[in-house]
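When the letters of the sequence shown are read in order and numbered with the working numbering, they come out as residues 3 to 173. For reference, the structure discussed in these notes is given below.
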Amino acid sequence: MAPSMSVEELILRLYEIQAVKFGSFTLKSGLQSPIYFDLRVIVSHPILLQEVSEHVWQLATQVKASFVSVCGVPYTALPIATVVCVNHGVPMLLRRKEAKDYGTKKLIEGQFQPGDLCLVIEDVVTSGSSVLDTVEALSAEGLLVRDAIVLLDREQGGKHMLQEKGINLHW
C-alpha cells in the first residue's frame, strides 16, 4: 500500500492537527527551538497515522534496508512501528524504557534470534540519543541494527553521531 498523500500534504495535515507547534521549546537534547514536533497526537488520527506509517515503509523500501523485525523507539514511534508491522507482515519488537521488576523482566519483548537484523523507527531525531538508546538495548540482546528510519531529522548532529556508531539514518 503506497501513501496517498504527498510529503507536502502530510506536513500540512500534521500542522492542522497541531503536531507542529511554534513558540519557545526546550528539546530533550537541552537545545532551545522555536519549533516543536509533537507527533504523539497522530494516535488520535488513524488515517494520518496510516499515512505516516506508509511514508516510513516506503522509505525503508527505497533505501533497501535489510531487516527481519522492526522496533519503534518508545513512545511516539511505537504506534508507527505497529502499523508498519501489521500492514506489511513484519514481526515487531518492543523496547521497554525500563525493565519490570516482575515477570520476565525483559527490556526487549517479542520473538527473535541473536544475529537478527532489526530496523529502528523514530519520529524525530535531534541528537540521535533516543535511537542510540534503543539500538544499545537491542544489541545487548544480540540483535543487529544497521538502519533507522525517521520521519523528521532536525539536522542537529543525530545523523552524524549514529553514522559513527554504524547506523544509517534515513529520512
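No residue lacks a Cβ here, since even glycine has one placed at the ideal position from N, Cα and C.
Expected contact under 8 Å - CB spacing of ALA67 and ASP40 to nearest Å = Actually they are not in contact, since the Cβ atoms of ALA67 and ASP40 sit about 26 Å apart, beyond 8 Å.
Going by C-alpha distance, which of LEU51, SER35, HIS172 is nearest ASN183?
-> The question about residue 183 has no answer here: the residues shown for the chain are numbered 3 through 173.
Roughly how far, in whole angstroms, is the beta-carbon of VAL133 from the beta-carbon of VAL126, given that I think they are within contact range, below 8 Å?
-> Wrong, their Cβ atoms sit about 10 Å apart, outside the cutoff.
For ASP103, count neighbouring Cβ atoms within 10 angstroms of its own Cβ and tell me buried if that reaches 16, exposed if not.
-> exposed
State the Cα-Cα distance for the pair LEU121 and GLY25, rounded to the nearest angstrom.
-> 33 Å
Pick from GLY105, LEU29, GLU56, VAL137 that is closest to GLY74, judged by C-alpha positions = VAL137
Using 10 angstroms around the beta-carbon of SER8, count the other beta-carbons present and answer buried if the total reaches 16, otherwise exposed.
-> exposed
May I ask you to report which of helix, strand or coil DSSP gives HIS172?
-> strand
Measure the Cβ-Cβ separation of VAL54 and ILE44 and say whether it is below 8 Å.
-> yes
Complete runs of the beta strand (DSSP E) confined to the stretch 43-84 [at least 3 residues] = 71-74
Is THR28 buried or exposed, if buried means 16 or more other CB atoms sit within 10 Å of its CB?
-> exposed
Closer than 7 Å: is that where the CB of PHE27 sits relative to any heavy atom of the ligand GTP?
-> In terms of ligand content, the structure shown is empty, and the ligand GTP therefore cannot be addressed.
State the CB to CB distance for the pair ILE49 and ALA83, rounded to an integer number of angstroms; the pair is presumed to be in contact (CB under 8 Å).
-> Not quite, the Cβ-Cβ distance comes to about 18 Å (not below 8 Å), so this is no contact.
With burial defined as no fewer than 16 other Cβ atoms inside 10 Å of the residue's Cβ, what is the status of ALA142: buried or exposed?
-> exposed
Please report the residue range of the alpha helix (DSSP H) in which MET163 lies.
-> 160-166
From the DSSP output, in three-state form, read off TYR17 for me.
-> helix
Look up ASP155 in the DSSP assignment and give the residues it is bridged to.
-> VAL127
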